[in-house]
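Inspection log for the structure reproduced underneath, given as structure tokens.
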Amino acid sequence: MNVLTISKIRDGTVIDHIPSGKALEVLKILGIKRGSRERVSMAMNVESQKMGRKDIVKVEGKFISEEELNRISLIAPEATINIIENFEIKRKFRVSIPESVEKLLRCPNMSCISNDNKEPATPIFRIEKTDNQVVAVCVYCGKKVYEIEEYLV
Ligand code: CTP
Ligand code: ZN
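For what it's worth, the numbering used here labels the leading residue of the sequence shown as 2, then goes sequentially.
See the structure below:
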């Protein structure tokens, strides 16, 4: 698409090819909320050749951490990260989905040992990707989590 829906940025990070409707989750993962000082722009439900519709998030002055990338990959497995310096794309890469994640998700099963009141086991999930769906499977109780954003910690 040649339509420029939001302006280019000078320095910072552009997260592109976010599934339609997930931009707000990405902002949450990046810790951007009411009162945040970062200069942020986003577009929701814009046309995309690859995805039909997509969301985009641009954060000036922000350089994303490995842990943030892992979280983003779980809800936006096709996302492209563009690192911008002086208006130019310095680096562009796809997020990669980790094989397993520790301490990023909590188990929905309240009787899982990772939710034990006294001695909770460190939450660990194996990540499976099928077509366009990412599923996290608890290594202790086998619970499958499809609505990953609801269980991100
Ligand atoms: N971008 C930006 N500011 C810049 C440079 C790029 O906000 N100074 C944004 C573009 O608006 C786009 C993304 O970064 O959303 C990637 O830019 P570019 O690679 O030029 O676009 P495409 O070729 O469409 O990207 P892709 O091939 O990843 O779809
Ligand atoms: Zn569990």
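Yeah, the Cβ is synthetic: ideal placement off N, Cα and C, and Gly gets one too.
Taking M45 as reference, the option from R11, H18, I98 and I128 with the minimal CA-CA separation is H18. Counting of Cβ neighbours within 10 angstroms places M111 among the exposed residues, the total staying below 16. Non-local beta-carbon contacts of A122 in its own chain, meaning distances under 7 Å to residues more than five positions away in sequence, involve I114, S115 and Y141 in chain order. Taking every protein chain shown into account, the CB of D56 has 16 or more other CB atoms within 10 angstroms, so this residue is buried. Fewer than three beta-carbon pairs drawn from the region 35–50 and the region 82–89 are found closer than 8 Å, and the two stretches are therefore not classed as touching. Remark: fewer than three beta-carbon pairs, one from each stretch, lie closer than 8 Å, so the region 103–110 and the region 30–44 are not flagged as touching.
Our two residues, R92 and I16, have alpha carbons roughly 12 Å apart in a direct line. Restricting attention to I65, I125 and V154, the CA atom closest to the CA of K145 is found in I125.
In terms of Cα proximity to V135, the closest of R11, K104, K119 and R72 is R72. For A137, the secondary structure class from DSSP, reduced to helix, strand or coil, is strand.
Check the Cα spacing between D132 and each of K104, E79, V58 and D117: the tightest is with E79.
The Cβ neighbour count for E100, taken over all protein chains shown within 10 Å, is under 16; the residue is labelled exposed.
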